[in-house]
Every structure is written in C-alpha cells, then in structure tokens.
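Enquirer:
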Amino acid sequence: MEKVLSKKAFPQWVKKLESYTMYLPRKDGDFWNYEVIKNPEIIDLDYLNTVLSPKKIIFPQREVLLEFSTSNEEELKINEVLPEEAQSVIFGVRPCDAKALTLTDKVFGGDFKDPYYWKRRNSTALVGLACNTPPSPNCFCLSVDGSPHSKEGLDILITDLGDKYHAESFTKKGDDLLNLAKALFKNPTAKEKKDLEKIQAESKKKIQRQIKDTKKIPPKLKDMFDSPFWDEESLSCIRCGICTYLCPTCHCFDINDEVTSSSPIKGERVRTWDNCQFPDFTMHSSGHNPRPDKAARLRQRILHKFQYFVELYKNYQCTGCGRCISKCPVGIDIIEVLEKARDYGS
Amino acid sequence: MVNLEELKKEASQILKEGKVKYIIGFQRGSNGLLPVPAFIKNPKDVEKLVWDPTCVYNLTLFLQDEKRKKTKEKEPDERPVGIVVKGCDSRAINVLLQEEFIKRDDVYVLGVSCENTGVLDEKKLAKKLKGKKAKKVEFGANDDFVITTEDGNIKIAAQEVLAERCLECKAHFPVIYDVLIGEKTKRNVENPFKSLEKIESLPPEERWKFWKEQIEKCIRCYACRSVCPMCYCDECVADTINFVVTPDTSAEEKAQKIKWLEKSPVSSENFVYHFVRAIHLAGRCIDCGECERVCPLDIPVRFLNKKLEKEAKELFDYDVGFDPDKPSLVSSFKDDDPEDFIR
Amino acid sequence: MAEEFEPKIVAFLCKWCSSAGSDLAGVSRMQYPPNVIPITVMCSGSVSPLYIFSAFNKGADGVLVSGCHPGDCHYIKGNFYARRRIALVKKLLEYVGLEPERFQMSWISAAEGVKYTKVIKDFVQELKPLGPQKKLRRTQ
Amino acid sequence: MDHNTYIPKLAKIIEIKEEVGGARPIKTFRTQFLSTNNFSFHSGQCAMLSVFGKGESIISISSSPLLKDYLQFSILKMGRVTSSLHEMQVGDIIGIRGPYGNSFPVEDWKGKNIIFIGGGIGLAPIWSVLNTALSIKKDYGDLMLIYGARTSKDLVFQEELEELRKRMPVHLSIDVEEPDWKEFVGFVPQNVTDKKPSPKNAIAITCGPPIMIKFVIKALEGLGFKDEQIYTTVENKMKCGIGKCGRCNIGVHYVCKDGPVYSWAEFKKLPQEY
Numbered sequence: 001m002e003k004v005l006s007k008k009a010f011p012q013w014v015k016k017l018e019s020y021t022m023y024l025p026r027k028d029g030d031f032w033n034y035e036v037i038k039n040p041e042i043i044d045l046d047y048l049n050t051v052l053s054p055k056k057i058i059f060p061q062r063e064v065l066l067e068f069s070t071s072n073e074e075e076l077k078i079n080e081v082l083p084e085e086a087q088s089v090i091f092g093v094r095p096c097d098a099k100a101l102t103l104t105d106k107v108f109g110g111d112f113k114d115p116y117y118w119k120r121r122n123s124t125a126l127v128g129l130a131c132n133t134p135p136s137p138n139c140f141c142l143s144v145d146g147s148p149h150s151k152e153g154l155d156i157l158i159t160d161l162g163d164k165y166h167a168e169s170f171t172k173k174g175d176d177l178l179n180l181a182k183a184l185f186k187n188p189t190a191k192e193k194k195d196l197e198k199i200q201a202e203s204k205k206k207i208q209r210q211i212k213d214t215k216k217i218p219p220k221l222k223d224m225f226d227s228p229f230w231d232e233e234s235l236s237c238i239r240c241g242i243c244t245y246l247c248p249t250c251h252c253f254d255i256n257d258e259v260t261s262s263s264p265i266k267g268e269r270v271r272t273w274d275n276c277q278f279p280d281f282t283m284h285s286s287g288h289n290p291r292p293d294k295a296a297r298l299r300q301r302i303l304h305k306f307q308y309f310v311e312l313y314k315n316y317q318c319t320g321c322g323r324c325i326s327k328c329p330v331g332i333d334i335i336e337v338l339e340k341a342r343d344y345g346s
Numbered sequence: 001m002v003n004l005e006e007l008k009k010e011a012s013q014i015l016k017e018g019k020v021k022y023i024i025g026f027q028r029g030s031n032g033l034l035p036v037p038a039f040i041k042n043p044k045d046v047e048k049l050v051w052d053p054t055c056v057y058n059l060t061l062f063l064q065d066e067k068r069k070k071t072k073e074k075e076p077d078e079r080p081v082g083i084v085v086k087g088c089d090s091r092a093i094n095v096l097l098q099e100e101f102i103k104r105d106d107v108y109v110l111g112v113s114c115e116n117t118g119v120l121d122e123k124k125l126a127k128k129l130k131g132k133k134a135k136k137v138e139f140g141a142n143d144d145f146v147i148t149t150e151d152g153n154i155k156i157a158a159q160e161v162l163a164e165r166c167l168e169c170k171a172h173f174p175v176i177y178d179v180l181i182g183e184k185t186k187r188n189v190e191n192p193f194k195s196l197e198k199i200e201s202l203p204p205e206e207r208w209k210f211w212k213e214q215i216e217k218c219i220r221c222y223a224c225r226s227v228c229p230m231c232y233c234d235e236c237v238a239d240t241i242n243f244v245v246t247p248d249t250s251a252e253e254k255a256q257k258i259k260w261l262e263k264s265p266v267s268s269e270n271f272v273y274h275f276v277r278a279i280h281l282a283g284r285c286i287d288c289g290e291c292e293r294v295c296p297l298d299i300p301v302r303f304l305n306k307k308l309e310k311e312a313k314e315l316f317d318y319d320v321g322f323d324p325d326k327p328s329l330v331s332s333f334k335d336d337d338p339e340d341f342i343r
Numbered sequence: 001m002a003e004e005f006e007p008k009i010v011a012f013l014c015k016w017c018s019s020a021g022s023d024l025a026g027v028s029r030m031q032y033p034p035n036v037i038p039i040t041v042m043c044s045g046s047v048s049p050l051y052i053f054s055a056f057n058k059g060a061d062g063v064l065v066s067g068c069h070p071g072d073c074h075y076i077k078g079n080f081y082a083r084r085r086i087a088l089v090k091k092l093l094e095y096v097g098l099e100p101e102r103f104q105m106s107w108i109s110a111a112e113g114v115k116y117t118k119v120i121k122d123f124v125q126e127l128k129p130l131g132p133q134k135k136l137r138r139t140q
Numbered sequence: 001m002d003h004n005t006y007i008p009k010l011a012k013i014i015e016i017k018e019e020v021g022g023a024r025p026i027k028t029f030r031t032q033f034l035s036t037n038n039f040s041f042h043s044g045q046c047a048m049l050s051v052f053g054k055g056e057s058i059i060s061i062s063s064s065p066l067l068k069d070y071l072q073f074s075i076l077k078m079g080r081v082t083s084s085l086h087e088m089q090v091g092d093i094i095g096i097r098g099p100y101g102n103s104f105p106v107e108d109w110k111g112k113n114i115i116f117i118g119g120g121i122g123l124a125p126i127w128s129v130l131n132t133a134l135s136i137k138k139d140y141g142d143l144m145l146i147y148g149a150r151t152s153k154d155l156v157f158q159e160e161l162e163e164l165r166k167r168m169p170v171h172l173s174i175d176v177e178e179p180d181w182k183e184f185v186g187f188v189p190q191n192v193t194d195k196k197p198s199p200k201n202a203i204a205i206t207c208g209p210p211i212m213i214k215f216v217i218k219a220l221e222g223l224g225f226k227d228e229q230i231y232t233t234v235e236n237k238m239k240c241g242i243g244k245c246g247r248c249n250i251g252v253h254y255v256c257k258d259g260p261v262y263s264w265a266e267f268k269k270l271p272q273e274y
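Chains as they are written, first to last, in UniProt numbering: chain A, 1 to 346; chain B, 1 to 343; chain C, 1 to 140; chain D, 1 to 274.
See the structure below:
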C-alpha cells in the first residue's frame, strides 16, 4: 500500500493509534533515544540516529525469565514470566536498525524459538524513516547490502518529501496502521512518485563512508584467525563494551539469578545483555579463558560479524549504522579494520 | 607555541638511540576529528605524530597494558616506554608512581604543555559550527583554535570550545617530564570547582532527581572504567567474576565471593557501581575528564569525581598528582582532620 | 491505622570499642530501640565504603559506622583513616541527594554503653520522619 | 512457540554418591523429575542444572539414555553453582532443562570396537555412551576403557569400574607413583601408547582436560587411528544452552548446540580457540 500524508497530519495519525504503545526518538541533551510517546502533538521525525537502536525495545537489556520462591512448606515454585503482549509501534526506525532486527530474528529463531523475544517482536510494528541525509557521518549501509531507504524488516517506510510524507506499507501490520486513519492518507500522484525516486537516488550519494569489496572480506578473514593482525589492531582497544552494546545486531546475553530474599529463597532469573569484549565473558569457572586477551576478543567481534554470521546466515552481522565507529573511545574504526584485513599480506 | 617538530625530533632520537622500546603518542585516524593512539616503534613513523587540540586522550591508560604484558614475559625488555602527556596526563603518571604501579624508569615522559589553552570539547565545537563539519583543529597564535571547515578557516577563542576540565585545570603543563615541549604558562583559575556549583546549589531532592535520571541511563558498558588510567585493579566488584581465578583457587573461594551488585542496569545497581568508581578514585582522579567524554549516554560522571576532588581539597587540603612522594589521600590523615560530623 | 515505621539500621561496630560498648548497654539492661542490625568489624578503618553502599542497596534505612575515640584505636591509627574515608563517603551520598541523616559515624568506647543507647535512640528518632529508604534500595 | 526452553523442570535428588573427596571433590547425583518424565536424550548430550538463587551450570548426563528411572550427573565442585549442588541433600529440588547439544553417533558404530579414553571428571560424558554400548554389547565389537586421574583417590566410579572389569578390559592410570598401585603410572596419553589399542575397525572416544585431549589424539594418531575414528567432547562457558547467548562458540560452532561431540576430523577444522 502506497500513500501520502501531509506533515501537519502526522500527529493526527499518531493520535488515531492511541491503542498502541508508541515509541519515538526523543532528544535528551545532545543525543536521541527511543521513548514512549506521551504527547502526540509535539512529535516530529526530524532526528539523527538514536544512541541505542530499537533493539533495546524488542530485546531489552534486562528481562526477567522466571521467578522462583519457596513457600512456608519449603516447596519450591517457579513461575514463567513472559512479557505482556502489548501492541506497539516504533516510529522512525532507520532502515539499518530495521534490518538489524531481521538479523536478530535469525538468532532468536531457529530450532529453539526464544519466546521472550518473539512475544515483543510479533506485537511490534516498525514504521521506518528513510535517510534522505545520512543520520551519522559514519553511515555505511551501502557497503553491507543495505540502503538508506531499504524496507527490509519494516512494516511501513516513511520518506520525507518536504511538506509531506510518503508512506509505503509492506505488511498487514503496516496496512492496519494506515487503515486506522484512512481519511488522512491520499494516493500518491505521479509527481510525488517521481520525487520519491529522485530523493532515494540522491540519498545514496550522500553517504560518506564505504567499505570497498566487502565480499572479499569473509573468505579473507577465514584464513586470518592466527594472524598477528589482531594484536596490532587491538593495541588501542580499552576493553569497554560500547561497540557491542550499541550495536543493533549484537545479541549476546547473560543469565543470572537475582535473589531478593535468601530465607525463604525468593528471586528472579534475569537475562541481561552481555558483551564479548568483557574478559569474563568466556572465562571458565576454572579460570581458563579461551579468549584471554583483547586481541582474541576484537577478533571474535570482527569474525562473528563478517565471517561466522555470513557462513551461518548468509548475511553480514552488521548493517552499517556506524555507532561503533562514532562512539569508540579510542577511534577504532570497523571500516578501517575490515579494509586493512582485506588487504592484509597482499 | 608548542613545536610539533621538536616533539618528533625528540621522539625520533630516543627511538634511534634505543632509549625507549616504543612511544605512545597521537596520530591521525581514519575517521572524524579525533586522533587515535599511536604505538610507534620505528623512528621513521614518528612523522605520524600529531599535536593539536583534538589530542584529548589520556595515553597513560596504556601503561596498564604495558605492565600486564611485561609481567607475562619471561625476559621482559626493561627499557622505558616513551609517552606523550599533557598536564593532566602527567599528574596521572605521578599518581601511578605514588601508588608504585609504575617505576620512574618505566616511562620516558614526553611532556607537552597546553600553554594557555587545552583540548577541545567536540560537542561544544559542533554546536558552535551549527552543522558545518570541522576537518581540522589547530592551536592559534592568540589563545584561540583555528578550525578548518569545508568553507575555509574559522578562528574561535579557545575558552569557548575548551573541554570543561581544561577551564578548571590547575596546571596546563606537565608536572613531571623527561623532556618538556612548550612553556610552563601560568594561568590563574579563579575557581577550579566552578562547574560543580550548578548541581551543588540544587536542593537535595532536586539533586537526587538529577542524579537518578543520569545514573538510570547507564548501560554498564564500563567505558568510564576502561578508559581510566587509575582503574587498573585486576579485580573489580562490578564484574561477575570479581577476582583473579587461578587453577589453585578453590571452589569455596569462588562460591563464597560476594556478588556486590547485579548485572541488571537498574538504578540501585548502577548507583553501587558509580559510587564505588567515584570513591575509589577519591584522591586519585587527576581530572582528565576521559570518563565523561567516552560515556555514550552522556552521564556527567566527572562531576562525581570532581566533587570528591573538591572535598579532598577543602577538608584535607589534598591536591592530586603533584607529588609522587606524598602519601595518598586515604592512606594518610592529619590529627586535626574535621570530625564535626561524628557523634 | 498504619503501623509506625520502624527504620532498619545497619551498624558497623568496631570489635574493641563500639561493639563492646553495645554489649555493655546490653548486659547493663539499658533500654534502646531494637532497630539495629549490628555487624562487628575488626576496626572502623576496615569498613570499606562498599559495605556502606551495599547496606543501602540491600535496604538499610540508615547506616552507622562506629569506632574507638581518636587515640584509642587498637590498631593505633585505624579510626583516623576511617574518619577521612567516611567523611568522603558521607559527602558523596549527600551529593547525590541521600538524606544526610541516613549515614552516621560515632566514637563509642567500650565503657560508653550509655552513649551507645543515646546514639541509637537519636538515630532512630531522626530516621522515623524520613520513612523507608527507597532511593538506593534494590527494587523488589 | 509452545515450549519455553528457558524454564527448567523441577527434579528431586534421589541419591548422592561421593566419588572423590579432597580439594577437588566429585559427587554423583541421581535425579527424578517431579512431574512425568518426557526427557529423552542421547549419549553425549548435556543438561542445564539450576540451583535456584545461585544460577545454572551445564553438565553432561552420565547415565545411559536406556535407563528411564533417573538422570545421573557426576559433578566436580568448581564454582558457585556446583558448590551449592555439593551442599545439597537427598530430597532437595533442582531444576533441569535440556537436553542440549549433539550426541555420539552410536548407531553408526555398530559392529565396531570402541576404546573409551577418559581423564578425571572427563569420564562422566563417556560413562553414558559406555553404558549404552555395554547394555547392547552384542551390537558392538570389543570394548576397552583407558582411564586416569591425578591420584588413585581422584578416580571416579571406583566401584563401578571394578564391576566393569568383569565385562571389558579396564586400564587405569595415575599421574604419580603411589604404594599399592599396581596399574599404570603416568599420564593418560602414555597409557594409551602403552596399551596399544588397534585402530582396526575401531572408534576412540576421549574426554578430559584440554591438554590431555590434545596428547591423547597425538598418541592415537601414532597408533594409526584416522581423524574420523577419533571422537572427543568439548566444554566451554555456557549460559543459554541453545546457541543464542553467544559465548561458547568455536568459530561458527556453538558448542552447546553444534557440539559438544566432535570427530577429530571435524574439530581440527575449527579455529583452535577453546
């Protein structure tokens, strides 16, 4: 379904969707973050990319898996805690972040479907915003099979046409959202369709960063496991978790028991994000650590994204959002690391 | 004015003479305005060294890696590491010496004076430039920065785009060095704790609201810990395995280790982490401001450290990082330390 | 009618003075409120700030650190170190907006059973109007 | 999405046997599910055990899948969870989820001779497949066990091993000499070389500390075993057990899901990061 909505009517549309929990990027100091919309009057879609991607809504950093307790009779009880199935809409999802969710879908799908993830995922509609101008100077989606107006993973893609939005729905979830405010939407004219094409073509040209010959990287990395390259590249790494926590595709997690009472025992089993850059991530109880240093951990991060994931799911585990580059405390640049690896020894 | 060529010459010479095993400095990166750390072994590569207002990093952080590496080597190279430091960074060296984390012979300090200015706050600059992209930032002749943008050069008074900590810096020049590049320019800082006033003057409940909002944002990426040259503990209460495990560590030891805080990034747990970080840096934080710069969520963590720096000064007349031979803040006391708060 | 709020106080008492002082109060059958969870430590100087943060994290409404009077420390200087450290912790907690009344330090000797009961009584009285400490407490 | 694999089933400990004392104690636990048992598994698979309030730990199942009465786990006291398991009593409740991972291709091995090679607690995962092979012994050729530990006190399943001698050759070893020890003294790989099992129509399964596995494989290669004839099981830190939490991977393989059982032919192709 392809429609056009005047910008002024945007808040009205949002108002019509009141039965949904709605998220929109909101400015907080110098950065943007997704928040629940409280007042639809003061919303707009003019924003840079958020610090954390919508991953944090679908796969929250903290999630209770189950509760456990012993009653007075010392009987142990466990209680499954699934997220509430609240119908939600996330507005303004950048195409790279939407694509990232199609990648975490692969991880949380497969033989064991992750019920916590899918409860949220299935009840959430993603309304994307095409990047007419790149929201970050480090955007490089074109190099990893993405595009600033890709529809992958989205239910609706909105494109800013100046005084109006072009909105295209690709799924039933998307159609439902448009149908709730039918009167506000018009069919696009031939000129508007042409404008859209023009904007899309131009948006690609505005992306400043790229990886050349990305395809050559996975086979090259396969032979670089034992290379001293990783020692050199990781010299300035400080072992923080920014690159992976901010990554829209990173999905690693930890499971811990949080006890609120020790006698009688009462508590929750909680899943939290975890991070392959932390030393204790892979450390065995014995103290043995298969990835003992930052070189091994940087290698894991790069290989996971550009070799292992490619072998497993035929996709890069990177959508080119540029967060890890922009926020790395010491300027480690994944584009540079990959290009150096591609050319290493040749 | 600091002469970069002088720095390069010195660096090249000590490498050629074999005086140092390598030099940690700044070089241009592949992305953005900020440089990246350089680890230079070959005298030829000293050409890569840069010095400009974007050299924000406190490179003394990398002395931790050096030390860890050295303890693993059977026959370590005992030569010092050359390291480029600013005034604040040099105070970190003093603290590391004071705590005997390093020895004086472990480092060859290439001190660079910030003279009348300091380093850049990228965010302040971005606001000033209103969307224009800076390509290069250099020290100007009149305590200003020269910014190269797409449409030519702009001069901005350094004061307007300096990092907050530079505005409150007590010594713009290295206080310990083997070579000093630039001059020991004295500048009077009226109130080195001025930036704290805004929060301090809030009523307690407002202050609580402010900090709760900030600390709640924390995603526990631990970048503030990782970037800190003083956070060199092998064990940290914040980690799931919060101590060094060897094959000899017994199961009991591991099982009985207290889990001081949960991994969940909720207010109560985040506060424990940030309190521990702050208190552990009391009398040790040299205010390089790196913790705050790297925070992806813009949590003003520096204000926690700065507050304790202020209290150390006011209650105990303690200055951090000026004298490596002085006992540290919390391993010393005076008979007349204030005790009006004690019953 | 709602029951009156009874604050929970975690008290770190040094073994040589304050803990002995509390024992004296006990064996002398002095009356004082039962709100204290005493934890005997070897010296007030051995109280890590982490213990204090942890006590608040685990739900203490108030925390007390108590040691020997200056000059009386069994380890000569332990309480002097404590004095400095606790001052900093107190400033930090107040800075983020915790009520100053919630964290206290005292000097109580082995002979000061009476002082111990007074410190506790006063502490409880000051905590009551504040209500439960929810700011730093782990949500349950 | 009918089944939530993160929710463990509750099980009661019905028997605890102290296998090894001292500083590195091992206990064997037998457990029964509180509700009906529809837990079916294959030899080599693991289960995620819960001590509620302490957390979870992945443990290989050491009983044979042919035994339906109980599940058996032999557990070395190592960290937080295993320490509290060691404190538990008969009647206490734990959680079990799984089974996870792949298993030994026992069907493919029918008619072959099998050599089981274990070190220390590494006998536990082997014990399941050994007992399966033993209970349908007619389907297999000659069976042999080579097993060693640091000292004679560190050997697990001591009573069972004595019983086992009646049915198959059992070669034990300890690392350093002890009075009254009549069998091999030295490391397990040396014992393998010493006992010279024939590679003809044979499969060798080895499990133990990483360093032992490495040298056992060398010893087997020295005896003429081909890569496809050697099997091993690997362990890594795990949290989810289902290939999602991201920490146990060796290259593209998640040990919890794609392992823990590997032929040396497969395993040697993976990056050596374990």
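Even for Gly, the Cβ is constructed at its ideal location relative to N, Cα and C. Since the model is a prediction, treat every value here as computed from it, not as a measurement.
If we count the other Cβ atoms within 10 Å of its Cβ and call it buried at 16 or more, is residue 287 of chain B buried or exposed?
Expert: Here residue 287 of chain B is taken as the residue at index 287 of the second sequence, counted from 1. With 16 or more neighbouring CB atoms inside 10 Å of its own CB, residue 287 of chain B falls in the buried class.
Enquirer: Would the segment 274-286 of chain B and the segment 316-329 of chain B be scored as touching if the rule is three or more Cβ pairs under 8 Å?
Expert: yes
Enquirer: Could you work out which residue in D/60, D/197, D/259 is closest to residue 275 of chain D when comparing CA atoms only?
Expert: With chain D covering only 1 through 274, there is no way to say anything about residue 275 of chain D.
Enquirer: Tell me the DSSP secondary structure of residue 346 of chain B in three-state form.
Expert: One cannot answer for residue 346 of chain B here, as it falls past the ends of chain B, which runs 1 to 343.
Enquirer: Is the closest heavy atom of the ligand GDP to the C-beta of residue 65 of chain D under 6 Å?
Expert: What this structure holds is no ligand at all, so the ligand GDP is not there to describe.
Enquirer: Name the two residues that bound the continuous alpha helix (DSSP H) containing residue 310 of chain A.
Expert: Mapped onto the first sequence, residue 310 of chain A falls at position 310. Unbroken alpha helix (DSSP H) run through residue 310 of chain A: 309-313.
Enquirer: Decide yes or no for the touch test of the segment 187-196 of chain D against the segment 220-230 of chain D: beta carbon pairs closer than 8 Å, at least 3 of them.
Expert: yes
Enquirer: Can you tell me where the alpha helix (DSSP H) with residue 116 of chain C in it begins and where it stops?
Expert: The residue given as residue 116 of chain C occupies position 116 in the third sequence. 113-127 is the extent of the alpha helix (DSSP H) around residue 116 of chain C.
Enquirer: Residues of the segment 239-253 of chain B with a CB closer than 8 Å to any CB of chain D: list them in chain order, please.
Expert: 250, 251, 252
Enquirer: Residue 154 of chain D and residue 51 of chain D: beta carbons closer than 7 Å?
Expert: Here residue 154 of chain D is taken as the residue at index 154 of the fourth sequence, counted from 1. Here residue 51 of chain D is taken as the residue at index 51 of the fourth sequence, counted from 1. No; because the gap between Cβ atoms is not below 7 Å, this pair is not in contact.
Enquirer: Between A/100, A/76, A/324, A/31, which lies nearest to residue 153 of chain A when the distance is taken from Cα to Cα?
Expert: Walking along the first sequence from the start, residue 153 of chain A turns up at place 153. It is A/100.
Enquirer: Which residues in the same chain as residue 193 of chain B place their Cβ atom closer than 6 Å to its Cβ, once the five residues preceding and following it in sequence are excluded?
Expert: Translated into positions along the second sequence, residue 193 of chain B becomes position 193. 310, listed in sequence order.
Enquirer: Just to confirm, is the Cβ distance from residue 353 of chain B to residue 6 of chain B under 7 Å?
Expert: One cannot answer for residue 353 of chain B here, as it falls past the ends of chain B, which runs 1 to 343.
Enquirer: To the nearest angstrom, how far is the alpha carbon of residue 77 of chain D from that of residue 84 of chain D?
Expert: Your numbering for residue 77 of chain D matches position 77 in the fourth sequence. Your numbering for residue 84 of chain D matches position 84 in the fourth sequence. Between the alpha carbons of residue 77 of chain D and residue 84 of chain D lies a distance of about 9 Å.
Enquirer: Taking CB distances under 7 Å as the criterion, tell me whether residue 80 of chain D reaches chain B.
Expert: The residue given as residue 80 of chain D occupies position 80 in the fourth sequence. Cβ-Cβ to chain B under 7 Å: yes for residue 80 of chain D.
Enquirer: Kindly indicate the opening and closing residues of the alpha helix (DSSP H) around residue 194 of chain D.
Expert: Position 194 of the fourth sequence, counting from 1, holds the residue named residue 194 of chain D. Looking at the DSSP string, the run of the alpha helix (DSSP H) that includes residue 194 of chain D is 188-195.
Enquirer: Establish whether the CB of residue 77 of chain D and some CB of chain B are separated by less than 7 Å.
Expert: Here residue 77 of chain D refers to the residue found at position 77 when the fourth sequence is read from its first residue. So yes, residue 77 of chain D belongs to the interface.
Enquirer: Check whether chain A comes within 7 Å of residue 267 of chain D, counting only Cβ atoms and requiring the distance to be less than that.
Expert: Here the question's residue 267 of chain D lines up with position 267 in the fourth sequence. Not closer than 7 Å to any Cβ of chain A, the Cβ of residue 267 of chain D fails to qualify, so no.
Enquirer: Under a three-way DSSP split, which group does residue 48 of chain D fall into?
Expert: What you label residue 48 of chain D is simply residue 48 of the fourth sequence in a count that begins at 1. Three-state result, residue 48 of chain D: strand.
Enquirer: With 16 as the cutoff for other CB atoms within 10 Å, does residue 68 of chain B come out buried or exposed?
Expert: Taking the second sequence and counting its residues from 1, the one referred to as residue 68 of chain B is at position 68. It counts as exposed.
Enquirer: From this set, D/62, D/150, D/7, which residue's C-alpha is nearest residue 80 of chain A's C-alpha?
Expert: Within the first sequence, numbered from 1, the residue matching residue 80 of chain A stands at position 80. With distances taken between Cα atoms, residue 80 of chain A lies closest to D/7.
Enquirer: Using DSSP with H/G/I as helix, E/B as strand and the rest coil, what is residue 238 of chain B?
Expert: The count along the second sequence starts at 1 and reaches residue 238 of chain B at position 238. It is coil, neither helix nor strand.
Enquirer: Any contact of the segment 178-195 of chain A with the segment 21-31 of chain A, i.e. 3+ C-beta pairs under 8 Å?
Expert: no
Enquirer: Is the CB-CB distance between residue 306 of chain B and residue 196 of chain B below 7 Å?
Expert: Here residue 306 of chain B is taken as the residue at index 306 of the second sequence, counted from 1. Here residue 196 of chain B is taken as the residue at index 196 of the second sequence, counted from 1. Their beta carbons are under 7 Å apart, which means residue 306 of chain B touches residue 196 of chain B by this criterion.
Enquirer: Give the straight-line distance between the Cα atoms of residue 100 of chain D and residue 273 of chain D, rounded to the nearest whole angstrom.
Expert: One-based indexing of the fourth sequence puts residue 100 of chain D at position 100. One-based indexing of the fourth sequence puts residue 273 of chain D at position 273. Their Cα atoms are separated by approximately 21 Å.
Enquirer: At the 7 Å Cβ level, is residue 83 of chain D part of the contact set with chain B, yes or no?
Expert: If you number the fourth sequence from 1, residue 83 of chain D lands on position 83. It does: the Cβ of residue 83 of chain D has a partner Cβ on chain B nearer than 7 Å.
Enquirer: In terms of DSSP beta bridges, what is residue 104 of chain C paired with?
Expert: Stepping through the third sequence from its first residue, residue 104 of chain C is reached at position 104. In DSSP, residue 104 of chain C forms a bridge with C/64.
Enquirer: Kindly list the residues whose CB is nearer than 8 Å to the CB of residue 146 of chain A, restricted to its own chain and excluding five residues on each side of it in sequence; keep chain order.
Expert: Working through the first sequence from its first residue, we reach residue 146 of chain A at position 146. These residues qualify, in order along the chain: 95, 96, 99, 152, 319, 320.
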